[in-house]
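Have a look at the structure below before the remarks.
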Amino acid sequence: MVVIESSQLPMAQDFSSFLSLEAAARKKSPLKGLLRFMKGDMLSLGGGLPHPSTFPFLSLSAEITAMRPGAVNGDTAPVKAKVARATELVTVPHAPQAGKIESLTTSLQYGMGTGITSLREFCKEHINRVHCPKYQDWDVMLSAGNTDAYAKVVAMLCNRGDKILVEEWTYPTALETIEPLGIGHVAVKMDEEGMSAVALKDLLDNWGSTPEQANEAKPRVVYLIPTGQNPTGATMSVQRRRDIIQVAQEHNLILIEDDPYYYLQFSAGRDQQQSDNGAIDGGTNAIGLMPSLLSLDTDGRVIRLDTFSKTLAPGCRVGYVSMNAHFCAIIQYHNEVTTQQPSGFSQGLLAEMLVSHWGQEGYTRYLTENVRTEYLNRCQHLQTSFRKHVNGNLASFIEPSAGMFIWIKIHLERHHRFGAVSDSVLMLDLFNKCVENNVLMVPGWQFSCKPKPADMDPADLLNVWADDQCTYLRATFAYATFEQMEEAMVRFGHSLDAAFSK
Ligand SMILES: Cc1ncc(COP(=O)(O)O)c(C=O)c1O
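Its first residue numbered 234, the sequence shown is counted upward by one per residue in my numbering.
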């Protein structure tokens with residue numbers, strides 16, 4: 234294994250020309266600037282920090298799943314397994330204590346817009362181990378989850394009137410965030426591996442050739458979900474990831490890699506190949522997962538959004554963003570005048586759990602064994618139930634290799650009214666039948682990039698199918714019990730039969 238010293242890696246390119254007017258005008262808060270002097274023997278009469286003796290929280294404890302090094306049986310048992318999980322108690326004390334990584338006097342206090350140091354350093358070390366960035370000056374910033382991070386990244390890179398390139402089916406919040414800001418989007422074709430690099434290249438090579446594009450600046454920012462894509466479940470192959478990076482280099486693009494489902498890769502570990510400093514080469518990375526776009530980026534053009542939402546709990550409202558140090562500073566300045574940092578309760582508990590109890594090894598095992606195994610079992614169960622109870626001639630899906638979703642295609646061409654009425658009429662009828670039979674899935678049009686008709690009330694779901702080209706429903710295997718999943722497929726099968734019957 235050849236170890237590459239960080240100092241041998243290139244520095245990030247200068248992407249300052251990508252900053253929005255808002256971002257270019259952002260400055261570090263001078264008040265926050267004082268915080269960095271608060272160490273050693275400094276006597277501070279500055280800052281408006283409340284006195285910690287007034288905090289009514291004297292300690293904070295949680296019973297957590299134990300992930301002791303080398304533990305077997307209950308300790309590493311998947312969440313669903315019958316074996317009782319071994320647990321341990323995490324406590325964050327009020328004041329700093331020997332053997333404790335955090336105290337409430339720090340984590341509940343005002344702090345830097347970067348997030349608390351212990352948790353941020355842990356996340357940075359984790360990124361280094363798993364993604365091993367290929368340039369020197371990258372950094373990590375805590376966020377209040379990917380929704381928060383995405384909104385701030387958009388504010389950093391886009392002005393009103395700009396357009397972002399997105400997958401043709403995408404996470405609706407990504408579009409709902411930008412629409413009111415006057416930022417548009419351009420859909421890029423997808424296939425079973427997610428965004429097509431060929432379509433992206435084609436679109437940008439020929440930008441300006443259509444009347445709509447004639448007076449439009451070429452988009453410079455791409456938003457994509459490379460693993461277990463929401464809603465399609467698609468996961469990019471290693472080659473696709475490399476191709477997307479290549480197009481990004483050719484067309485000088487910034488890539489926003491929104492990757493909440495990264496650790497939910499079901500085939501992980503199969504093709505493990507290790508090289509260089511434990512990172513990817515040709516195949517999967519050091520822990521058997523697909524290389525992230527961040528790990529393939531040598532320029533500093535990928536902004537990677539990670540979140541604890543799908544792996545620990547969404548209510549933590551904590552995530553972490555990895556990107557070049559210049560972008561990190563801009564997001565820090567934005568944090569300083571908005572959220573400041575994620576909740577101190579979350580940060581304190583997470584830091585104590587991850588740093589003092591689980592460590593890097595325990596955290597990685599929790600992700601790749603507990604969480605992944607649970608969703609793998611669930612995914613397989615939903616698929617088996619589908620095959621058992623649903624007529625495969627009328628509906629089908631591509632087996633997902635990651636994530637929480639299956640994207641069900643309805644074969645309307647087999648419907649006796651196909652062609653006589655619009656596809657939306659048939660899809661709406663099927664959706665209504667599902668609701669009547671008490672089984673709910675998300676109408677595929679909700680993930681469509683096409684503009685919704687202005688006269689349409691998107692909440693009027695029993696009367697609206699807003700994209701005539703959309704013949705999909707999205708189902709998730711993340712939440713229902715195994716019995717409920719099977720029953721849901723029975724009901725879906727009946728609804729489908731009823732909708733297709735003469
Ligand atoms: C693609 C994608 N990004 C972001 C989120 C939300 O992440 P967070 O809870 O970290 O804000 C979701 C949740 O469904 C998602 O599917």
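For each residue, glycine too, the CB sits at the ideal point set by N, CA and C.
Bear in mind that the values here come from a model prediction, so they are computed numbers and not experimental data.
Check: Boundaries of the alpha helix (DSSP H) in which F725 is found, first to last residue; Outcome: 715-733
Check: Complete runs of the alpha helix (DSSP H) confined to the region 448-509 [at least 4 residues]; Outcome: 471-483
Check: Cβ pair count under 8 Å reaching 3, the region 380-391 against the region 613-629; Outcome: no
Check: DSSP three-state assignment for T298, whether helix, strand or coil; Outcome: strand
Check: F638, enclosing beta strand (DSSP E) - first and last residue; Outcome: 638-643
Check: Closer than 7 Å: N568 CB and nearest ligand 1 heavy atom; Outcome: no
Check: L398 beta carbon less than 8 Å from that of V454; Outcome: yes
Check: Environment of Q498 [buried if 16+ CB atoms lie within 10 Å]; Outcome: buried
Check: Distance cut-off 7 Å: G552 Cβ against heavy atoms of ligand 2; Outcome: Summarising the ligand content, the structure contains ligand 1 and does not contain ligand 2.
Check: Bridge-paired residues (DSSP) for V325; Outcome: L293
Check: Local Cβ density within 10 Å of N379, reported as buried at 16 or more and exposed below that; Outcome: buried
Check: Y712, buried or exposed, once every other Cβ within 10 Å from all chains shown has been counted against 16; Outcome: exposed
Check: Span separating the alpha-carbon of S589 from that of P413; Outcome: 43 Å
Check: 4 or more residues per run - each alpha helix (DSSP H) lying fully within the region 649-676; Outcome: 656-669
Check: Range of the contiguous beta strand (DSSP E) that encloses I631; Outcome: Per DSSP, I631 belongs to no beta strand (DSSP E) and is neither H nor E.
Check: Contiguous alpha helix (DSSP H) assignments of at least 4 residues, all confined to the region 588-630; Outcome: 592-598, 605-622
Check: Residues that T320 bridges to, as DSSP identifies them; Outcome: T298
Check: N-terminal and C-terminal residue of the alpha helix (DSSP H) that V535 is part of; Outcome: Not the alpha helix (DSSP H): V535 falls in the beta strand (DSSP E), residues 535-540.
Check: C-beta contact flag for I458 and D491 at 8 Å; Outcome: yes
Check: Per-residue burial, S555 [other beta carbons within 10 Å of its own, 16 or more giving buried]; Outcome: buried
Check: Nearest neighbour of E646, chosen from N670, L694, T597, Q702 [CA to CA]; Outcome: Q702
Check: Between the CA atoms of S376 and I349 - distance to the nearest angstrom; Outcome: 11 Å
Check: Residue range of the unbroken beta strand (DSSP E) whose run includes A420; Outcome: 417-421
Check: Proximity winner among Y343, E426, S655, relative to A581 (alpha-carbon distances); Outcome: In the sequence as presented, Ala is not what sits at residue 581; that position holds Gly. With distances taken between Cα atoms, G581 lies closest to Y343.
Check: Helix, strand or coil at L352 [DSSP, three-state]; Outcome: helix
Check: Near ligand 1: G378 beta-carbon under 7 Å from a heavy atom; Outcome: yes
Check: Given 8 Å, three or more beta-carbon pairs between the region 401-413 and the region 516-529; Outcome: no
Check: V323 beta carbon less than 8 Å from that of L337; Outcome: no
Check: Beta strand (DSSP E) segment containing A708, residue limits; Outcome: 705-709
Check: Close beta carbons around D730, own chain, < 7 Å, minus the five adjacent residues each side; Outcome: N624
Check: N557 CB to nearest heavy atom of ligand 1 below 7 Å; Outcome: no
Check: Span of the beta strand (DSSP E) around G552; Outcome: 552-557
Check: Cβ-heavy atom distance, P493 to ligand 1, below 7 Å; Outcome: yes
Check: Beta-ladder partner(s) of K396, from DSSP; Outcome: G417
Check: T737 Cβ short of 7 Å to ligand 1 heavy atom set; Outcome: Because the chain spans 234 through 735 in this model, residue 737 falls outside it and cannot be assessed.
Check: Whole-angstrom C-beta distance between S528 and P366, which should lie under 8 Å; Outcome: 7 Å
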